[in-house]
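Note that our numbering has the sequence shown beginning at 104, numbered continuously upward.
Notes follow once the structure below has been shown.
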Amino acid sequence: MKRPKVGGLCSGVGGIELGFKQAGFDIAWANEMDEKACITYRHIHKIELNDHLIHSTLEELLAEIKSKPQLRDLQYVDVLTAGFPCQAFSVAGYRKGFNDERGNVFFKIAELLDFFKKEKKLPKALLLENVKNFKTHDRGKTFKTVCEHLKTIGYSVYTRILNTCDYTDIPQNRERTFMVCFLDEKDWQNDYLLTMPEDKLIKNFPQTFYFHKNFPKKNDKLIPLQEIYEKDIQSDFYYNDNRYMYNKLKKSMRRKDTIYQWRRVYVRENQSGMCPTLTANMGTGGHNVPLILTDDNRFRKLTPKECFNFQGYPKKIKLPDLAKSHLYKQAGNSVTVKLIKMLAKNIKNAICQK
């Protein structure tokens with residue numbers, strides 16, 4: 104059977120594409136505007152500079168597609184993915200939504216889909232990812248606008264808020280909104296799951312209903328924290344008594360079976376014994392950096408590699424030689440690869456069912 108193809112927008116370091124690759128997809132192309140993220144993407148996916156990664160903004164990509172014949176034939180993909188910028192909708196940000204230029208990235212994605220529609224190259228399915236708050240932002244108006252726009256293009260919209268630690272064995276508390284959309288099923292309504300007989304759901308919405316019916320069950324076994332930590336950690340990741348927050352760390356950090364955070368002026372303990380949500384600002388000024396008490400009773404922050412481990416990237420992956428601040432940001436902006444693999448498998452089965 105021919106392997107389905109996936110294309111990525113707002114790809115970051117390629118965590119979504121990696122999850123799809125692990126689920127049996129081939130990566131046709133991807134798009135990312137951040138130069139440093141592109142370096143890590145190429146490193147993780149082991150591709151050359153001019154392979155399937157397109158380094159440009161979405162505006163530049165759209166302009167090139169419309170003006171250059173060679174890009175008008177941008178390879179057809181079965182699934183299009185996008186982890187579009189979440190800062191505009193996040194509870195940790197200013198929550199400006201579509202009033203923030205980052206929030207308008209969705210409409211660039213929609214513009215590309217409109218172009219594909221004219222070219223009769225619409226993907227069979229979409230996977231869109233954003234922060235948990237996306238669904239409730241502006242009293243639900245933002246989410247409603249996105250759903251209505253996707254339906255005008257021809258897609259159903261099936262939405263779930265998923266926590267990494269609920270559906271994978273990765274011990275990170277990370278809730279995200281996932282929108283899975285299937286072509287030619289635009290009349291789908293979530294209420295139909297309660298009001299429409301199953302035989303009609305199968306007839307009218309075969310892919311969306313299949314995806315729902317076969318949605319993976321929750322996982323109740325997590326990898327021990329110690330298995331995610333790296334060995335032979337460099338000295339600059341440790342906090343010694345010459346650091347201004349050392350006494351507060353010493354007073355607050357007593358457990359070795361959980362992870363802490365330095366929150367500017369105080370230490371926060373993760374009561375669940377898991378890694379708190381990794382954020383893009385981990386590498387800037389120490390705010391939100393995850394901290395642990397080591398077996399030899401020393402305090403240190405997680406390394407960038409450990410942060411990638413907590414996102415479910417294979418431990419064998421070697422990160423590029425970039426400033427730690429870039430790598431922390433990339434890990435915080437990424438997705439949990441194992442969670443994406445789970446969703447990708449279900450999408451693959453839904454669009455390939457006979």
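Glycine included, C-beta positions come from ideal geometry on N, C-alpha and C.
Please read these numbers as outputs of a predicted model, since none were measured by experiment.
Roughly how many angstroms separate the alpha carbons of residue i and residue j, rounded to a whole number?
| i | j | result |
| --- | --- | --- |
| L161 | Q125 | 26 Å |
| Q292 | I305 | 14 Å |
| N317 | F209 | 28 Å |
| L177 | L216 | 12 Å |
| L253 | E288 | 11 Å |
| K353 | K169 | 59 Å |
| E333 | I450 | 33 Å |
| A453 | F237 | 25 Å |
| Y220 | S338 | At residue 220 the sequence reads Lys, which differs from the Tyr that was named. Approximately 54 Å, taken between the alpha carbons. |
| K418 | A166 | 38 Å |
| F218 | L225 | 9 Å |
| A228 | N207 | 21 Å |
| P423 | R358 | 32 Å |
| K421 | T397 | 23 Å |
| V368 | K351 | 9 Å |
| E460 | T298 | Any answer about residue 460 is impossible in this case: the structure gives the chain only from 104 up to 457. |
| N532 | K444 | The shown model of the chain, from 104 to 457, leaves out residue 532, and the question about it has no answer. |
| N276 | A213 | 30 Å |
| K404 | Y270 | 26 Å |
| G257 | D290 | 9 Å |
| K223 | K320 | 36 Å |
| H146 | D294 | 44 Å |
| D335 | H148 | 26 Å |
Kindly indicate the opening and closing residues of the alpha helix (DSSP H) around residue i.
| i | result |
| --- | --- |
| E288 | Premise fails: E288 is in no alpha helix (DSSP H) and is neither H nor E. |
| L381 | Element bounds for L381: n/a, residue is neither H nor E. |
| E214 | 208-221 |
| A460 | Outside the modelled stretch of the chain, which goes from 104 to 457, sits residue 460, for which no answer is possible. |
| A426 | Where A426 is concerned, there is no enclosing alpha helix (DSSP H), given that its DSSP letter is neither H nor E. |
| I331 | 328-331 |
Which of the three DSSP states, helix, strand or coil, is assigned to residue i?
| i | result |
| --- | --- |
| D129 | strand |
| L229 | strand |
| Y295 | helix |
| E135 | strand |
| G69 | As displayed, the chain neither begins before 104 nor continues past 457, which places residue 69 out of reach and without an answer. |
| G118 | helix |
| G111 | strand |
| P300 | coil |
| Y347 | coil |
| L177 | coil |
| R106 | coil |
| K404 | strand |
| M356 | coil |
| K145 | Before going on, a small fix: residue 145 reads as Arg here, not Lys. Helix. |
| F413 | coil |
| T271 | coil |
| V249 | helix |
| Q337 | coil |
| F420 | Here the sequence assigns Ile to residue 420, which means Phe is not the residue at that position. Correct three-state label for I420: coil. |
Please return the same chain residues whose Cβ sits closer than 7 Å to the Cβ of residue i, not counting the five positions on each side in sequence.
| i | result |
| --- | --- |
| P274 | C268, L325, I326, L328, M377, C378 |
| R401 | Y341 |
| I331 | E409, N412, F413 |
| C250 | V260 |
| V194 | At V194 the pLDDT is 45, less than 50, meaning the model places this residue with poor confidence; the figure from the coordinates comes in the next sentence. Excluding residues within five positions, the ones whose Cβ falls inside 7 Å are N236. |
| G186 | C113, G115, I119, E232, V438 |
Please list, in chain order, all residues of the same chain as residue i whose beta carbon is under 6 Å from its beta carbon, the five residues on each side excluded.
| i | result |
| --- | --- |
| F123 | V109, A447 |
| G415 | I273, T439, V440, K441 |
| I362 | N373, C378, P393, I395 |
| Y347 | none |
| Q433 | V116, A140, T143 |
| M136 | T160 |
Tell me which same chain residues have a C-beta within less than 8 Å of the C-beta of residue i, skipping the five on either side of it?
| i | result |
| --- | --- |
| A133 | G110, G111, L112, S114, G117, E120, Y144, H155, L156, I157 |
| Q456 | P309, Q310, Y313 |
| D181 | P107, K108, V109, F128, P226, K227, A228, I454 |
| H74 | The chain is shown only over 104 to 457; residue 74 falls outside these bounds and no answer can be derived. |
| S355 | Y363, Y369, V370, E372 |
| T380 | Q275, N276, R277, E278 |
How is the beta strand (DSSP E) around residue i delimited, first residue to last?
| i | result |
| --- | --- |
| T262 | 261-266 |
| V440 | Not the beta strand (DSSP E): V440 falls in the alpha helix (DSSP H), residues 440-455. |
| P309 | Here P309 belongs to no beta strand (DSSP E); instead the alpha helix (DSSP H) covers 309-316. |
| Q364 | 363-365 |
| T184 | 182-185 |
| V370 | 370-372 |
| L325 | Element bounds for L325: n/a, residue is neither H nor E. |
| P393 | 393-396 |
| I150 | First-last for I150: undefined, no H or E at that position. |
| H158 | 156-158 |
Practice item. Take every Cβ of the segment 233-241, pair it with every Cβ of the segment 277-289, and state whether three or more of those distances are shorter than 8 Å. Key: yes
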